[in-house]
Amino acid sequence: MTAEDTGSPCSVLVVASQPLVAQDIALTLLDQLPQARIITAASMAAGFDAIDALASLEMALVEAEEAAFADAPLWHALAAKGAMVCLIGPRSSLLWPTLPIPFTTKELVLALKTISPGQNWPEHGRTKCGV
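In structure tokens:
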């Protein structure tokens, strides 16, 4: 899926290999961030393609292992756009917050509240998403 930058106050990328997981995350995000534009992709490569046309991206939740993500073109694109990142997966990460699989709605909402500016979001406060 590609996305055009329509000037939405908040854009979020969700990369999940299972469509039901992506849909669950997207619906929960919309409950918490009704103004958000949610972009979903089934792989990191598809996510990279989907955000190419965006001038900025506030957040990304990406199903990936830390080592694979750190070397991925998607990570570099997200960093260039100033996106905060939360990995989705069974193992915690030293570099990024991690949403465990399986997760509950409560854990997802908590992850949204605990994604904090780090090396990939220097010197920023709250995002346009309100996080």
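Per this note's numbering, residue 137 is the first one in the sequence shown, and the count goes up by one each step. The C-beta atom is built at its ideal place from N, Cα and C for all residues, glycine as well.
- The C-alpha of A216 lies about 21 angstroms from the C-alpha of S229.
- Here G183 has L149, V151, A177, L210 as same chain residues with Cβ atoms under 6 angstroms from its own Cβ, once five neighbours each way along the sequence are excluded.
- In the three-state reduction of the DSSP assignment, I237 falls in the coil class.
- Here T241 has T164 as same chain residues with Cβ atoms under 7 angstroms from its own Cβ, once five neighbours each way along the sequence are excluded.
- Residue state for A177 is assigned as strand, using DSSP reduced to three classes.
- The residue from S153, A203, I175, P236 with its alpha-carbon nearest to that of R227 is P236.
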